[in-house]
Amino acid sequence: MTDTEQDQGQPLVAHLTELRDRLLRVVLAVLVCAVGLMPFANTIYSFVAEPLRRYLPEGTSMIATEIASTFLTPFKLVLVSAFCLAMPIILHQIWQFIAPGMYRHEKRIAAPLLASSVVLFYAGLAFAYYVVFPLVFGFFSGITPEGVNYTPDIARFLDTALKLFLAFGIAFEIPIATVLLIASGVTTADDLAAKRPYVIIGCFVFGMLLTPPDIISQALLAVPMWFLFEVGIVFGRLVKKKQTESDV
């Protein structure tokens with residue numbers, strides 16, 4: 000191998016080594032959070048399931064239809080909770096990895112966006128739990144046919160809950176994605192505004208795919224997504240205006 004080839008290979012090796020180290024830190028952060036949350040696994044599950052248990056008919060409860068569900072279901076929730084709890088660390092490691100390759104004006108934009116993405120992610124989870132869960136689970140409990148015992152399985156409930164958490168956590172990142180698209184020059188605020196009808200349709204399609212098959216949860220996801228898209232356009236215009244002024 001020539002000296003030139005070695006010089007060209009070193010940066011790639013250094014980047015891969017740094018990527019490995021940061022991924023290990025992310026895994027370690029998630030594992031530490033998981034170990035810390037493990038003693039509270041059943042408490043966490045009870046908290047997440049409260050919006051559903053509130054609407055169960057009197058004298059009924061949730062059931063476990065599989066032998067290991069009473070252990071695996073809370074354990075699965077702990078792992079997901081640990082990932083969510085470690086989200087600031089995860090995003091910080093991503094920021095530390097990409098920051099050296101960014102220009103100074105890009106760093107000024109990226110730092111607030113990083114902080115905002117953490118806040119919006121948690122806001123999406125809170126919106127799902129405090130607004131969507133009561134409406135969705137209350138709706139399903141209220142339409143139970145006469146003579147049918149409404150006793151949801153704990154594993155199936157968790158799958159639905161995590162799906163809603165994920166959908167709303169991602170949906171609340173729309174303003175960040177919109178601002179990044181505008182600030183990077185991939186598109187403009189006017190172009191995005193002109194595509195508003197397609198965006199609205201896409202929001203409802205996304206809501207249909209990621210929520211239970213009822214119009215309530217679909218609308219509760221699609222409408223905030225549309226609103227957040229409009230918020231992203233507004234902030235995108237402000238960021239682009241500041242970039243233009245700084246270039247003058």
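The sequence shown: position 29 = 28 (numbering that gives the first Met the number 0), numbered continuously.
The beta-carbon is built from N, C-alpha and C at its ideal position, and this holds for glycine as well.
As the structure is a prediction and not an experimental result, all values here were calculated from the model.
Inter-residue Cα distance where the pair is residue i and residue j
i	j	result
ALA33	ALA192	42 Å
GLU57	VAL147	13 Å
GLU65	LEU71	10 Å
PHE171	LEU227	7 Å
PHE234	ALA182	10 Å
GLN242	ASP152	53 Å
ARG103	ALA110	11 Å
VAL286	PHE39	This structure leaves residue 286 out entirely; the chain is present only between 0 and 247.
ILE108	ILE232	15 Å
VAL26	GLU145	48 Å
ARG52	MET61	8 Å
LEU179	THR187	10 Å
PRO133	SER216	10 Å
ARG24	ALA63	35 Å
PRO196	VAL185	20 Å
PHE205	ILE169	11 Å
THR16	GLY141	55 Å
PRO14	THR143	The sequence shown places His at residue 14, not Pro. The straight-line gap from Cα to Cα measures roughly 56 Å.
Cut-off 8 Å between Cβ atoms - residues of its own chain near residue i, not counting five sequence neighbours on either side
i	result
LEU90	LEU113, SER116, VAL117
ASP213	VAL135, PHE138, PHE139
PRO73	ALA40, ASN41, ILE43, TYR44
GLN95	ARG21
THR59	ASN148, TYR149, THR150
Spatial neighbours of residue i in its chain, beta-carbon cut-off 7 Å, leaving aside the 5 residues before and after
i	result
PRO211	VAL135, THR159
ALA274	Lying outside 0 to 247, the shown extent of the chain, residue 274 is not represented and no answer is given.
LEU161	VAL79
ILE173	MET224, LEU227, PHE228, GLY231
Pair within 9 Å by beta-carbon distance, residue i and residue j
i	j	result
ARG19	GLN92	no
LEU157	VAL47	yes
PHE150	LEU55	According to the sequence displayed, residue 150 carries Thr and not Phe. Going by C-beta atoms, THR150 is nearer than 9 Å to LEU55.
GLY123	ALA81	no
VAL131	LEU163	yes
ILE175	LEU119	yes
PRO50	TYR121	no
Endpoints, the alpha helix (DSSP H) within which residue i is located
i	result
LYS162	153 to 170
MET37	Unbroken run through MET37: none, as it is neither H nor E.
ARG195	195 to 209
LEU134	132 to 141
SER183	Run containing SER183: none; DSSP gives neither H nor E here.
PRO73	68 to 84
Close-in-space but distant-in-sequence residues of the same chain around residue i (CB under 6 Å, 5 per side omitted)
i	result
PHE126	PHE167
CYS202	ALA221, MET224, TRP225
ALA28	ALA85, ILE88
LEU219	VAL131
According to DSSP, residues forming a beta bridge with residue i
i	result
ILE62	ASP152
Residue-level contact to chain C via CB, residue i, 9 Å cutoff
i	result
ALA221	Protein chains in the displayed structure number just one, and chain C is not present.
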